[in-house]
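Those letters in the sequence shown? Residues 1 to 223, per the UniProt record's numbering, in order. Even for Gly, the Cβ is constructed at its ideal location relative to N, Cα and C. The next block holds one structure in the form of structure tokens; read it before the comments.
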Amino acid sequence: MPNSLLIHLALRHIQPETLDQLQVNAADHNNLATHPQRRVEQLVSRSWRRQILATQLGQTPENLYFAKDSYGKPYLVDTPNLQFSQSHCMQQFALVFNQQHIPIGVDIEARQRSINLAGLAKRILTAAEMQVFTQTANPQAYLLKCWTIKEAVVKASGLGIRLNLNTLETDYSGSEIQLNGAVAYQAAIGKWAYHCFETADYYYTVAWQYHSAQQVSFNWLPE
């Protein structure tokens, strides 16, 4: 495992006219959702993924071939060192990747999302996290940050819904300082580092396979 890791991040905002402005590859129409809005979001996300990665790899978008492993995690054919993950929530899209063969994941949640706090907390929090949740001044912010951490980690691990989120310990106590380069742990998948950030409307987490001596840097890609 390399001692340094460069993570590239791209954020995009989905506008009503975005799909009309993109060149959509025929392969990106496969297995789309039936809901019209969801279909548009999927097409935009896949098109942006294809274009951003093609630019970074110095290839043309139509020459990229995506597949899924046995757990359903997407990967780029014939590019084994490239690890990527994407997420979209409402009008926001995020793509993260590295070219050092380090498993990586990303997740987004809207800050003002309407949710059943108690129900979600019971489903995804560990006992230690539940204690913090019941005592924190802003339970929704704490819960949504934990959620993005856990979703980013399970995406990076490749296990997805096969992993119960309430068995994944984020070690997040509510301290903002702790959200940079912190470590989550679960017995079946081991340790995963994560970095959280936020905008006025969204919470984000990027997670990657942990290595104690690893120096991590981020490269924000322009729109």
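{"query": "Decide if His195 is buried, meaning its Cβ has at least 16 other Cβ atoms within 10 Å, or exposed.", "result": "buried"}
{"query": "Count the CB pairs spanning the region 115-132 and the region 195-214 that are closer than 8 Å, and state whether there are at least three.", "result": "no"}
{"query": "Can you name, in chain order, every residue of its own chain whose Cβ lies under 6 Å from the Cβ of Asn81, other than the five neighbours on each side?", "result": "Gln99, His101"}
{"query": "DSSP state of Glu62, grouped into three classes?", "result": "helix"}
{"query": "Tell me whether Val153 is buried or exposed, calling it buried when 16 or more other Cβ atoms sit within 10 Å of its Cβ.", "result": "buried"}
{"query": "Quick check on this structure: which residue in Ala193, Glu223, Val44 has the alpha carbon closest to the alpha carbon of Ser87?", "result": "Val44"}
{"query": "Taking the Cβ atom as the reference point for each residue, do Leu95 and Leu76 lie within a distance shorter than 8 Å?", "result": "no"}
{"query": "When DSSP builds the beta bridges, which residues end up paired with Thr136?", "result": "The partner list for Thr136 (beta bridge, DSSP) is empty, contrary to what the question assumes."}
{"query": "When the distance is taken between beta carbons, is Tyr65 closer than 8 Å to Thr148?", "result": "no"}
{"query": "Would you be able to state if there are at least three C-beta pairs under 8 Å between the region 102-114 and the region 134-148?", "result": "yes"}
{"query": "Select from Ala182, Asn31, Ala188 the residue whose C-alpha is nearest the C-alpha of Asn166.", "result": "Ala188"}
{"query": "Under 7 Å: does the beta carbon of Thr167 sit that close to some heavy atom of the ligand NAP?", "result": "Absence of the ligand NAP is noted for the structure shown, with no ligands found whatsoever."}
{"query": "Nearest CA to the CA of Ala10: which residue from Trp48, Pro61, Ala137, Cys89?", "result": "Trp48"}
{"query": "Bridge partners for Val206 per DSSP, in chain order?", "result": "Val106, His195"}
{"query": "Need the endpoints of the alpha helix (DSSP H) that Leu52 sits in, please.", "result": "Correcting the residue identity first, residue 52 is Ile in this sequence and not Leu. 36-57 is the span of the alpha helix (DSSP H), which, as asked, contains Ile52."}
{"query": "Assuming the contact rule is C-beta atoms closer than 8 Å, Gly181 and Ala193 should be a hit. Round their C-beta distance to whole Å, please.", "result": "6 Å"}
{"query": "Between the Cα of Lys191 and those of Glu169, Glu198, Ala137, Ser85, spot the shortest distance and give me the residue it belongs to.", "result": "Glu169"}
{"query": "Distance check for Val40 and Phe197, CA to CA, integer angstroms please.", "result": "26 Å"}
{"query": "Just the C-alpha distance for Pro139 and Asn164, rounded to the nearest angstrom, thanks.", "result": "21 Å"}
{"query": "I'd like the span of the beta strand (DSSP E) that includes Arg12, first residue to last.", "result": "4-13"}
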